[in-house]
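Counting from 1, position 109 in the sequence shown corresponds to residue 109 in the UniProt record's numbering; the numbering is continuous, with no gaps. In what follows, a structure is listed as structure tokens, so that the remarks can point back to it.
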Amino acid sequence: MTVSANKLPMETVKNAFAGFKKVKLEVLSISEVKGGFTGAAKFMLEFNNRKFFLKAADEKLQPVDAFLIESEAKIYSLLGKWKLTGVIFPKYEEFINVDDLRILVLEFLGDASWGGPWNEETIEFLDQGLNKLHTTKLDEDEKQELIALATEIRSHIGEKPKQDTKEAKEEKKRIFLETWNESLSGFMDSKGEVYFKGESDLPKRIMEEAEDKGPEVQKTLIMHDLNFANIGFTSKQVYFVDPIFVTMGDPLFDRTVVGVNILQQLQASITPELKKLIVNKFFQSKPILARLIGYYVISSHKQLDESQAAWQKFHQECAVIALEIFNEI
Numbered sequence: 001m002t003v004s005a006n007k008l009p010m011e012t013v014k015n016a017f018a019g020f021k022k023v024k025l026e027v028l029s030i031s032e033v034k035g036g037f038t039g040a041a042k043f044m045l046e047f048n049n050r051k052f053f054l055k056a057a058d059e060k061l062q063p064v065d066a067f068l069i070e071s072e073a074k075i076y077s078l079l080g081k082w083k084l085t086g087v088i089f090p091k092y093e094e095f096i097n098v099d100d101l102r103i104l105v106l107e108f109l110g111d112a113s114w115g116g117p118w119n120e121e122t123i124e125f126l127d128q129g130l131n132k133l134h135t136t137k138l139d140e141d142e143k144q145e146l147i148a149l150a151t152e153i154r155s156h157i158g159e160k161p162k163q164d165t166k167e168a169k170e171e172k173k174r175i176f177l178e179t180w181n182e183s184l185s186g187f188m189d190s191k192g193e194v195y196f197k198g199e200s201d202l203p204k205r206i207m208e209e210a211e212d213k214g215p216e217v218q219k220t221l222i223m224h225d226l227n228f229a230n231i232g233f234t235s236k237q238v239y240f241v242d243p244i245f246v247t248m249g250d251p252l253f254d255r256t257v258v259g260v261n262i263l264q265q266l267q268a269s270i271t272p273e274l275k276k277l278i279v280n281k282f283f284q285s286k287p288i289l290a291r292l293i294g295y296y297v298i299s300s301h302k303q304l305d306e307s308q309a310a311w312q313k314f315h316q317e318c319a320v321i322a323l324e325i326f327n328e329i
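What follows is the structure, encoded as structure tokens:
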């Protein structure tokens with residue numbers, strides 16, 4: 001019996017799919033798909049001359065992953081209603097709920113490359129995909145349905161609602177300022193070592209910019225969590241996957257987050273021309289960039305256990321990139 005990295009037997013998933021479709025096991029072919037951040041098992045299944053991507057979890061063994069899979073299926077159902085699946089998201093096939101198994105079935109994007117390559121063509125594809133996402137029209141009932149689902153998901157995974165009180169803002173400022181070493185004029189990591197130096201007034205400028213509300217923003221459909229793992233390219237377009245944090249928000253947040261992620265991936269290999277294109281396309285809000293800097297530098301300064309070291313290093317690299325862009329624009 002073949003077992004995936006999280007101990008969910010692929011034969012169990014294959015049996016569940018066969019039972020759901022009421023077909024014989026012999027007509028199905030299944031293999032494991034590796035990668036991604038989720039703890040759920042991932043498979044590629046061939047059936048009827050088609051390939052499907054399956055994300056699966058056992059509700060008893062992995063209750064959080066099972067909940068997220070079921071929630072993601074609900075999101076894909078909404079995206080399908082808004083005519084975005086098969087366009088900028090893979091086609092949503094079905095959700096299988098058999099005994100303790102939760103299985104999300106999607107179109108398998110076999111010819112897609114994930115998290116790049118980054119060049120003028122893929123930047124344009126991404127720009128077009130974000131425009132399509134952000135200009136999708138939703139009525140008030142659809143917005144409220146999505147917001148309720150997004151709130152339920154964040155609550156279930158233990159994410160606390162954002163505190164917008166004066167006291168909460170002051171506490172965040174205090175934590176932010178603790179990351180700054182005045183004598184060395186730089187931001188410190190969790191070990192107290194300075195990883196980015198700047199002018200002595202840099203923290204003050206970042207905080208002032210972060211507080212700039214600007215004109216009222218028309219909230220749109222956004223991914224909210226764009227990164228190298230959930231952006232794929234074919235020869236013709238971009239695809240977004242793992243839309244578990246899709247919600248209503250500022251479209252420039254999506255652009256700023258993805259801009260930092262792209263520059264983090266490219267780093268020294270980027271050309272001046274490509275960097276200019278990325279900055280023009282994705283860094284259109286300095287206040288949002290300032291707020292992201294606050295998030296990155298605080299995350300880089302936290303005392304975390306060793307299991308979070310890679311994630312913290314990534315945030316530190318993002319902090320450096322965001323700070324450099326902040327000083328440039």
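Don't be surprised by glycine CBs; every beta carbon is placed ideally from N, CA and C. Since this is a predicted model, take the numbers as computed values, not measurements.
- Residue 187: member of the beta strand (DSSP E) spanning 186 to 188, first to last residue.
- The three-state reading of DSSP puts residue 327 in helix, counting H, G and I together.
- In this structure, the beta-carbon distance from residue 52 to residue 243 does not fall below 8 Å.
- Between residue 18 and the set 41, 133, 212 and 48, the nearest pair of CA atoms involves 48.
- Residue 71 places its beta carbon less than 8 Å from that of residue 149.
- By the C-beta criterion, the region 232 to 243 is judged to be in contact with the region 122 to 130, since at least 3 inter-stretch pairs fall below 8 Å.
- Here residue 99 carries a coil assignment [DSSP, helix/strand/coil].
- With the rule of 3 Cβ pairs closer than 8 Å, the region 287 to 298 does not count as touching the region 261 to 268.
- For residue 10, the enclosing alpha helix (DSSP H) starts and ends at 10 to 21.
- Fewer than three beta-carbon pairs drawn from the region 136 to 149 and the region 106 to 122 are found closer than 8 Å, and the two stretches are therefore not classed as touching.
- In this model, residue 267 and residue 25 are separated by some 47 Å (Cα to Cα).
- By the neighbour-count criterion, in which 16 or more other beta carbons inside 10 Å mark a residue as buried, residue 163 falls on the exposed side.
- Within the DSSP bridge table, the entry for residue 126 names no partner.
- Nearest C-alpha to residue 112 among 228, 306, 274 and 287: 228.
- Straight across, the Cα-Cα distance linking residue 63 with residue 57 is about 8 Å.
- With fewer than 16 other beta carbons inside 10 angstroms of its own, residue 50 counts as exposed.
- Considering only 172, 246, 105 and 233, the residue with the shortest C-alpha distance to residue 153 is 246.
- Excluding five sequence positions before and after residue 214, the CB atoms of its chain that fall closer than 7 Å to its own CB belong to 287, given in chain order.
- The straight-line gap separating the alpha-carbon atoms of residue 177 and residue 205 is approximately 12 Å.
- Around residue 108, the same chain offers 44, 51, 52 and 53 as residues with beta carbons nearer than 6 Å, after the five sequence neighbours per side are excluded.
- Around the C-beta of residue 110, fewer than 16 other C-beta atoms lie within 10 Å, and the residue is accordingly described as exposed.
- The three-state secondary structure of residue 61, taken from DSSP, is coil.
- The alpha-carbon separation between residue 192 and residue 144 amounts to approximately 44 Å.
- Around the beta carbon of residue 161, fewer than 16 other beta carbons lie within 10 angstroms, which makes this residue exposed.
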